Amino acid sequence: PHQEAISLSIVELLKSCPDNVATRKELLVATRHVLSAADFRRGFYVHLDALLDEDVLVGTGRACFDSLRPLAYSFLAELVHHMRLELSLSQIR
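Numbering-wise, the working numbering puts 34 at position 37 of the sequence shown, and it's gapless, one number per residue.
As structure tokens, then:
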């Protein structure tokens, strides 16, 4: 019953998180654990556009970009895999 609130909170944390590699890495790892529960996946579907923004997902710092990019895109690929039938044309591009 709380999947929307949890997914919204995680996306807001990614948006407001400082460009600290350790903090963002912990958040991405925890988010992958949340994503592994089928009940919580659907909550992220409405936030896909925000998660497709690299600045939100990885951050804007060079250190974050270099070290977190593979983990972030792995998470994004997993999310897109689960919702591939619901993607819009603009999201696919």
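Using N, Cα and C, we set each Cβ at its ideal position, and we do this for glycine too.
Values in this document were obtained by computation on a predicted structure and should not be read as measured data.
I need the boundaries of the alpha helix (DSSP H) containing residue i, first residue and last residue.
i: residue 63; result: 59 to 79
i: residue 30; result: 18 to 32
i: residue 53; result: 51 to 54
i: residue 39; result: 35 to 42
i: residue 82; result: Element bounds for residue 82: n/a, residue is neither H nor E.
So residue i and residue j are in contact, right, with Cβ under 8 Å, and what is the actual spacing, rounded?
i: residue 25; j: residue 65; result: 7 Å
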